[in-house]
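Every position in the sequence shown, counted from 1, becomes a number in our numbering once 318 is added. Structure, as structure tokens:
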Amino acid sequence: MKILIFGGGGFIGSHLLVSLTRDNEHDIVAYDIDFSKYNRLNRDMGKVKLIRGNIRKEDNANLKQLVSSNDLIIDLLAYANPSIYVSEPCEVVRLNLFDNLRIVEACVEFGRYVIQFSSCEVYGMAGGSTEPFSEDRSNLLLGPIEKHRWIYSCAKQMLERIIHAYGLKQGLNYTIIRPFNFVGPEMDYILERGDEGIPRVFPQFMSAILFNRDIKLVDGGRNFRTFTYIDDSIDAIKIIIRNIDHICNRKIINIGTPENEIRICDLATLMMQIFEKITGRKANCHTTIVSGEEFYGKGYQDCDRRIPDIGRLMALGWRPRYQLKDLLELSIRYYVNMYSNRIGL
Ligand code: NAD
Ligand code: UGA
């Protein structure tokens with residue numbers, strides 16, 4: 319099969335590229351503005367065609383040519399970072415909805431299968447619910463418009479609904495994936511100086527631990543997340559790729575690990591403990607409490623809990639292999655090795 323991966327240079331995309339090229343079962347083309355993560359992760363130099371391009375500037379003829387010359391399109395392109403939802407809400411809609419829609423519409427025109435990455439954020443605010451989020455049964459609950467953090471969720475949800483409609487009306491074949499907080503090497507970026515923006519929580523805490531800065535707990539770090547190791551995530555994505563022709567067609571699928579739930583303040587403590595275990599050195603950082611608006615800016619709002627229902631994925635034979643402590647240890651070890659000289663180890 320010929321597979322085209324948009325966003326193939328990102329965190330998930332790079333791991334997927336490395337794994338698919340190692341399997342050597344398909345012809346792979348990857349499109350991204352930046353492949354530095356892939357270049358750091360790829361040791362085998364597997365066979366893959368890399369296209370460096372900016373989707374925002376790609377004309378429709380080129381886009382259609384790319385889509386029509388492949389069988390399966392995997393679309394990972396997005397701004398996927400809450401600080402950007404708050405600082406650049408219009409850009410989030412342009413890329414995450416309108417540019418992704420151009421890809422989807424090319425798939426409709428040429429009858430190509432699309433695996434579209436959506437997000438667990440479409441479920442919005444659980445409101446303290448203990449019910450796992452189900453692909454077909456859960457309601458999608460967002461906060462008020464002035465809390466524009468939800469623009470990402472809303473753009474992703476709109477794209478899902480359009481894809482669903484194209485499936486109903488024009489026979490589009492697709493699978494929508496909703497990831498729940500994947501973690502692993504090369505997620506976002508490490509804050510080397512400390513002032514280079516706001517990555518997601520794992521790289522934020524990792525940066526603070528490596529460079530002896532304060533860990534900031536947003537609203538006291540009282541909210542929960544469930545984390546999934548990137549290798550488990552890639553296994554799940556590959557199972558979905560293998561099943562596109564039947565079980566996964568026109569389905570939404572959660573990928574997550576319900577057992578790996580932790581409160582964010584406890585994640586900070588656990589990461590410091592694991593750092594100490596790996597290096598034999600105490601993490602020299604303190605935790606401070608900040609409000610969501612202080613940290614991200616006006617318009618931030620958070621969800622307190624999100625637990626995936628993974629029955630659909632488990633029915634395909636997937637089981638997560640990595641427990642929270644193990645996945646954190648693997649991820650922290652990667653960065654300790656990467657920065658060992660700089661941190662004097
Ligand atoms: P990422 O930011 O690492 O990857 C996105 C990629 O898109 C990046 O490599 C970036 O360079 C590329 N990109 C952005 N703008 C571009 C442009 N104009 N032209 C070309 N390339 C451009 O994010 P990720 O964590 O790998 O997430 C991938 C997808 O999965 C996203 O759609 C995200 O919303 C979704 N998702 C991820 C998670 C997670 O846990 N990582 C959770 C929920 C949803
Ligand atoms: C993320 C992003 O929206 C997407 O990448 C993705 O769609 C999805 O969720 C996911 O990864 O599954 P969120 O989980 O809120 O959203 O993103 P993080 O930045 O990783 O924050 C997790 C929690 O940690 C939030 O409660 C946040 O307020 C808190 N946090 C984050 C801190 O307390 N301190 C920090 O320094 C950073």
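Heads up, the beta-carbon is just placed ideally off N, CA and C, and yes, glycines get one too.
_Coil, strand or helix - phenylalanine 324 by DSSP_ = In this structure, phenylalanine 324 counts as strand in the three-state DSSP scheme.
_Whether asparagine 541 touches arginine 623 by CB criterion (8 Å)_ = yes
*Given a threshold of 16 other Cβ atoms within 10 Å of its Cβ, counted over all protein chains shown, does phenylalanine 416 qualify as buried or as exposed?*
Within a 10 Å sphere around the beta-carbon of phenylalanine 416 sit fewer than 16 other beta-carbons, which makes this residue exposed.
*Can you tell which of Asn357, Ala526, Phe435 has the C-alpha that lies nearest to the C-alpha of valine 366?*
Asn357
*Cα separation between arginine 455 and glutamate 449?*
Rounded to whole angstroms, the gap between the alpha carbons of arginine 455 and glutamate 449 is 11 Å.
_Going by DSSP in three states, arginine 467 sits in which element: helix, strand or coil?_
helix
*Can you give the Cα-Cα distance for glutamine 434 and glutamate 577, rounded to whole angstroms?*
Looking at the two C-alpha atoms, the distance is approximately 25 Å.
*Start-to-end residues for the beta strand (DSSP E) that takes in glutamine 522*: From DSSP, glutamine 522 is part of no beta strand (DSSP E) but of the alpha helix (DSSP H) over 519–528.
_the stretch 422–437 / the stretch 633–651 touching (three or more Cβ pairs under 8 Å)_ = The stretch 422–437, when compared against the stretch 633–651, does not touch it at the 8 Å Cβ threshold.
*Mind checking whether the beta-carbon of phenylalanine 500 lies closer than 7 Å to any heavy atom of the ligand NAD?*
yes
*asked:* Under 8 Å: do the stretch 512–523 and the stretch 394–414 share three or more Cβ pairs, one atom per stretch?
replied: Output reads yes: the stretch 394–414 touches the stretch 512–523.
_With distance defined between alpha-carbon atoms, name the residue in Asp362, Val347, Glu343 nearest to valine 336._
Residue Asp362 is the option with its Cα nearest to valine 336.
*The alpha helix (DSSP H) enclosing proline 638, as first and last residue numbers*: Unbroken run through proline 638: none, as it is neither H nor E.
*Look at the alpha carbon of isoleucine 508 and the alpha carbon of aspartate 532, and state the distance between them as a whole number of angstroms.*
14 Å
_Segments assigned alpha helix (DSSP H), at least 4 residues, entirely inside the stretch 524–610_ = 548–560, 582–597
*Which two residues bound the contiguous alpha helix (DSSP H) that contains valine 347?*
No alpha helix (DSSP H) contains valine 347, which is instead part of the beta strand (DSSP E) from 345–350.
*What residues in its chain sit with their C-beta under 8 Å from that of isoleucine 592, if we drop five residues either side in the sequence?*
The answer, listed in chain order, is Lys643, Leu646, Glu647, Ile650.
*Tell whether a beta-carbon distance below 8 Å holds between asparagine 499 and arginine 543.*
yes
*Are the CB atoms of cysteine 583 and alanine 444 nearer to each other than 8 Å?*
no
_Enclosing alpha helix (DSSP H) for glutamine 383 [first to last residue]_ = Boundaries of the alpha helix (DSSP H) around glutamine 383: 378–386.
*Outcome for asparagine 305 when other beta-carbon atoms lying within 10 angstroms are tallied against a minimum of 16*: Nothing can be reported for residue 305, as the shown portion of the chain is limited to 319 through 663.
_Less than 8 Å between the beta carbons of leucine 395 and phenylalanine 324, yes or no?_
Against a cut-off of 8 Å, the Cβ pair of phenylalanine 324 and leucine 395 comes out as a contact.
_Nearest-angstrom Cα separation, counted from aspartate 345 out to methionine 319_ = 6 Å
*Say the cut is 7 Å; is the CB of serine 609 nearer than that to a heavy atom of the ligand UGA?*
no
*Buried or exposed for cysteine 408, please, with buried defined as at least 16 other CB atoms from any protein chain shown within 10 angstroms of its CB.*
exposed
*For leucine 394, is the beta carbon positioned less than 7 Å from some heavy atom of the ligand NAD?*
yes
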